[in-house]
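S.K.:
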Amino acid sequence: MARKINPFIFRAILNRNWNCVWYIKKNLYSDYLIEDLNIRNYLEKIFKKKPVGKIIIIKNLNFIYFLIYLKKGSLINKNMILSLKKNIFFFTDKIIYFKFKNISNHNIDVKIILFYIKRGIEFNKSYKGIIKNIISNAFKSRCLGLKIAIQGRINGNVMTRKQIFFHGKLPLQKFSANIKYISGTALTIHGCIGIKVWLYLGDFMY
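Counting in full-length UniProt numbering, the sequence shown runs from 1 upward without gaps.
This is the structure we're talking about:
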């Protein structure tokens, strides 16, 4: 029988852009991993109201370096950076560095796509109109396929239902396909609504 698997994990051997980069001895691996998860969860919570893309963490025994991708036009002031450093010191005693970069094309960034769908549902906007615009903008860029699945009490309906929006092609069975995937949850007064996004950008270059 077929089994569902995260497309990112399925193609992990072909991935060249890891979100965490660090090397450590085996006896310290669990400590580094827990530290990493705690810091990442904190940053995701802080930036949940901003259109933030990838958060890359690079660290060694002495320092920890954060590379955060933002949608062009998002403002980060010095006071916010100082506040972030101060709060991250609760998780680590390393020297902390931050660098913010603009996303080259936010129309084909799965985290940005998820952010706008989630915000639209939570603010009770027309999610169909939002998704239509997302698909249109994605295909104006170099997107070859896009699938969005939403499940829950959509628009406050009594019964849970699932809606799928699909455009282009999505070769999930193709090992060399460069497919981005993300899932998230929108919190509404009617309950949680699950959101999944698949984005096909062509094939990996060997």
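Where a beta carbon is used, it is the ideal one built from N, C-alpha and C, also for glycine.
Taking DSSP as the reference, what is the three-state secondary structure of ILE46?
M.R.: Three-state result, ILE46: helix.
S.K.: I want to know whether the region 113–133 touches the region 178–187 - three or more CB-CB distances under 8 Å.
M.R.: Cβ pair count under 8 Å is three or more, so yes.
S.K.: Counting C-beta neighbours from all protein chains within 10 Å, is the total for GLY120 16 or more, i.e. buried, or is it exposed?
M.R.: By the 10 Å Cβ count, GLY120 comes out buried.
S.K.: Thinking C-beta only, is TYR97 closer than 8 Å to PHE47?
M.R.: Result no, Cβ atoms of PHE47 and TYR97 do not sit closer than 8 Å.
S.K.: Applying the criterion that 16 or more other CB atoms from any shown protein chain within 10 Å of the CB defines a buried residue, is TYR29 buried or exposed?
M.R.: Answer is exposed; the Cβ neighbour count stays below 16.
S.K.: When the Cα of PHE166 is compared with those of ILE9, LEU144, ILE154, which residue comes out closest?
M.R.: Looking at the Cα atoms, LEU144 is the closest of the given residues.
S.K.: Under a three-way DSSP split, which group does ASP203 fall into?
M.R.: Strand.
S.K.: Count the other CB atoms, across all protein chains shown, that sit within 10 Å of the CB of TRP198; report buried if there are 16 or more and exposed otherwise.
M.R.: Under this definition TRP198 is a buried residue.
S.K.: Which class does TYR97 belong to by DSSP, given the choice of helix, strand or coil?
M.R.: Strand at TYR97.
S.K.: Go to LYS162, then tell me how far its beta strand (DSSP E) extends in each direction, as first and last residue.
M.R.: 161–168 is the span of the beta strand (DSSP E), which, as asked, contains LYS162.
S.K.: Let me check understanding here. Comparing Cα to Cα, which of ASN178, ILE193, ASP203 lies closest to PHE8?
M.R.: With distances taken between Cα atoms, PHE8 lies closest to ASN178.
S.K.: Candidates LYS101, LYS86, ILE103: which alpha carbon is nearest ILE95's?
M.R.: Taking only the C-alpha atoms, the option nearest ILE95 is LYS86.
S.K.: Please check the pair LEU70 and ASN19, which I expect to be a contact at CB under 8 Å, by giving their CB distance rounded to whole angstroms.
M.R.: Going by Cβ atoms, the distance from LEU70 to ASN19 rounds to 15 Å, so no, they are not a contact pair.
S.K.: Quick check on DSSP: helix, strand or coil for SER183?
M.R.: Looking at SER183 - three-state DSSP - the assignment turns out to be strand.
S.K.: Between which two residues does the alpha helix (DSSP H) holding PHE8 run?
M.R.: 7–10 is the extent of the alpha helix (DSSP H) around PHE8.
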